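Data block below; observations after.
Residue numbers (my numbering): 615 to 1447.
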């Protein structure tokens, strides 16, 4: 761990324990909903459970205790399944929530250490750097050109400068550092912080439903309305025939149960929550469930260069000394340290005193290696100009006890040259060196020094007259796997665009090395800002590399891509990336190098800063969406024959009008629920999924084409069950035998439908080899249950079934399979086309 700066030792371990015992931890504790109790309440608001309760009550009233107990047991089973699914979803989301809790830096035992924000105690010294959020309230005891955004508390979005001498020298939990660095001694934690005291407002925040979630809820609501209308019609028809109000009500309830697709919302919630949990296990933290829904639709990924396409391991490749106009390669620097000492030292002084950027860490290390004595402790920073400007630069002013000042600046060569006194000869030689460096793919940093008397420093760093000391070239090698990652994005139909603050030459060289498509076209941030809205939309579509970018330009690119109907994912790590990350459909922050602000603005965090994980995330997004679509198409398909098999014999006045009772319908529902939620959620990704173009975000499984598929599948199964019904009647079989055969046909069709709908493209012969251990288990359980109901006498009597012959069972199997397997011909035609 690094030694603490500014002569602050911080609390000792004993002092931390004492403060924790006296004042507690830094936890915000508001009113929390009881997840289990809420889940139980929601279960008894479900239409299916209400229908079951009514049906069970009727059975008990009419003295049919056995059926009443069965439905009561079914209610408990439905509740247990719902609670289990809800618990799985909540646990998955809770793990995600715990994983995304932030850490902070504190000074303890004379060292800087990283701790969980909850572990902060009163008296701790909190280190807040640019891009970090403030974890507790505290008084600033040391600062370097520190400014903070307090919009979460005040609603004002502008930054507030704060120091030890400010009128308001307190930092507050929930705010974040826009620039500079500060050390604050903690004075209030948890609910005693300013944010904690007004935190009741956080309790009322409700996450908005996604478009897909709204569409699913709308579909289920419409089905419930249709079910209510049909329920009333059937009740009326039955009552007209029997004059028995309870019996007719029971038959109407049977139909209402068969119409209601209550499995769909459960499937949606389960798939999304477990999908987010699976992504977390892969090193991808999804902060909102709706991101899972969007992932599979991404058409463009905008990525920065440093640390995403490259290793973010800055080694000094070369130095250009402006005084001697010589270039020193990395192996020559060590032998010419004296000649380059002034340049190296100045580059270090221009860096942050506590470096965290890889380039600044390298410069500090080079300073240590090239200095006979370390003078850093002799100087104090008295003024700082943060990184700003287009292109950017930064300036630090240090002073020792004798009053000697060091005014050091570093930044883009264009920025330093613009405010330097370099003559034309030096400028030409410098530009030649820069061209040589950038052509080799190096990042370049110019260094300058200014002389200034007094302490009335100019308002802008660009008002200094700098002497150009030279240029330092850094080499950041491309990541080993990045060429393969890009290839996978291209195969998946996803465009990749580089948005970087670096210059065009360096970016183009790196792009060519990694097999990036479209490296020949670039545009700078300044050029981009001059374009009209229509020109911008055309330019962002045809350009793949954007250089010398700044926050406003990044945001314009994202918005222009969105206006072109692209689904945009964007990577970012700094404070300035926040607006663009928030604007993108999928904001992607880096887990290691990303600032807290970037992580807060993003909807997804790559824990290991590995872009390859985005390929996995897109694949997972596509898989989850496709499997959810399979599950819901299955639900729609299997509900149709249940509804029509109950309704048609009654409406047409067939011999056995009431072929199914609530007992039979609920049994079928209990088979279907686990099938869609368990089997389909566990399905692997189909092999052609990552070679297809992204699906349009507006397209859902409720498109007419896919709905028609489900309707036709459902009608085909209905035809099969009704054929068996008529076959049994024509053979003069009694109602119990007819019911057994119709029920068996429906169960067999359900099994084959489960297998067929595992893919709407590949044949069942291909999908049977998909690795999903749950498929065989669910099929065996279903078959054992079916045979038990038919051939175990007490169960058969209870369900009004008859032990049918092998021939009749074979007919049911044959008709059930034929009513589903015809779809294999459709899939074959698709593959031929």
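For glycine and all other residues, C-beta sits at the position ideal for the given N, C-alpha and C. Quantities reported herein were computed from a predicted structural model and do not represent experimental measurements.
Cβ shell of residue i (< 8 Å), same chain only, five flanking positions each side left out
i: residue 1085; result: 933, 934, 936, 1027, 1044, 1047, 1048, 1051, 1058, 1059, 1060, 1061
i: residue 626; result: 722, 723
i: residue 1415; result: 1350, 1353, 1354, 1357, 1403, 1404, 1409
Residue burial classification, residue i (beta-carbon count within 10 angstroms, cutoff 16)
i: residue 1024; result: buried
i: residue 1220; result: buried
i: residue 1068; result: exposed
i: residue 1182; result: buried
i: residue 1322; result: exposed
i: residue 585; result: There is simply no residue 585 to check, as the chain begins at 615 and stops at 1447 in what is shown.
i: residue 1308; result: buried
i: residue 1143; result: exposed
i: residue 1073; result: exposed
i: residue 1418; result: buried
i: residue 1227; result: buried
i: residue 949; result: exposed
i: residue 1216; result: buried
i: residue 754; result: buried
i: residue 1442; result: exposed
i: residue 811; result: exposed
Helix, strand or coil at residue i according to DSSP, with G and I counted as helix
i: residue 1023; result: strand
i: residue 816; result: With a pLDDT of only 43 at residue 816, under the threshold of 50, the placement of this residue in the model should not be trusted, and no figure is reported.
i: residue 621; result: coil
i: residue 925; result: coil
i: residue 845; result: helix
i: residue 1366; result: helix
i: residue 748; result: coil
i: residue 725; result: strand
i: residue 934; result: strand
i: residue 1230; result: helix
i: residue 759; result: strand
i: residue 1058; result: strand
i: residue 1389; result: helix
i: residue 949; result: helix
i: residue 1102; result: helix
i: residue 1373; result: coil
Contact set for residue i: own chain, Cβ-Cβ below 6 Å, skip 5 residues either direction
i: residue 639; result: 732
i: residue 1264; result: 1271
Spatial distance of residue i from residue j (CA atoms)
i: residue 818; j: residue 803; result: Confidence in residue 818 is poor, its pLDDT being 44 and thus under 50, which makes the residue's placement unreliable; the coordinate value appears in the next sentence. Between residue 818 and residue 803, the C-alpha separation is close to 22 Å.
i: residue 1268; j: residue 1436; result: 28 Å
i: residue 1133; j: residue 1120; result: 11 Å
i: residue 787; j: residue 747; result: 8 Å
i: residue 1168; j: residue 1205; result: 21 Å
i: residue 1082; j: residue 743; result: 29 Å
i: residue 1105; j: residue 1317; result: 26 Å
i: residue 1324; j: residue 1253; result: 10 Å
i: residue 846; j: residue 853; result: 10 Å
i: residue 789; j: residue 767; result: 8 Å
i: residue 1030; j: residue 968; result: 23 Å
i: residue 1276; j: residue 865; result: 8 Å
i: residue 822; j: residue 1241; result: Note that residue 822 has pLDDT 49, beneath the 50 cutoff, so the model's placement of it is unreliable and no number is given.
i: residue 1328; j: residue 902; result: 35 Å
i: residue 986; j: residue 954; result: 14 Å
i: residue 1278; j: residue 1354; result: 10 Å
i: residue 1190; j: residue 1164; result: 8 Å
i: residue 1344; j: residue 861; result: 27 Å
i: residue 1179; j: residue 899; result: 26 Å
i: residue 924; j: residue 1233; result: 23 Å
i: residue 1401; j: residue 1423; result: 10 Å
i: residue 775; j: residue 1141; result: 32 Å
Beta-carbon proximity list for residue i, same chain, < 7 Å, skipping 5 on both sides
i: residue 1362; result: 1426, 1427, 1430, 1431
i: residue 741; result: 719, 720, 721, 726, 797
i: residue 981; result: 958, 959, 962
i: residue 815; result: With a pLDDT of only 45 at residue 815, under the threshold of 50, the placement of this residue in the model should not be trusted; the figure read from the coordinates follows. Result list for residue 815: empty, nothing under 7 Å.
request  = Go through the region 971 to 1019 residue by residue and report every complete run of the alpha helix (DSSP H) that reaches 4 residues or more, in order.
outcome  = 972 to 984
task = Please go through the region 1391 to 1424 and give each complete beta strand (DSSP E) segment of 3 or more residues, from N-terminal end onward.
result = none
query = At what residue ranges does the region 761 to 795 contain a whole run of the alpha helix (DSSP H), taking only runs of 4 or more?
reply = 765 to 768
inquiry  = Quick check for students: name the residue ranges of the beta strand (DSSP E) that lie wholly in the region 1194 to 1264, counting only runs of 3 or more.
reply    = 1200 to 1204, 1218 to 1220
inquiry  = Quick check for students: name the residue ranges of the beta strand (DSSP E) that lie wholly in the region 1107 to 1174, counting only runs of 3 or more.
reply    = 1109 to 1113, 1136 to 1138, 1159 to 1161
query = Taking the runs of the beta strand (DSSP E) that are 3 residues or longer, which of them lie wholly in the region 1023 to 1095?
reply = 1057 to 1064, 1080 to 1089
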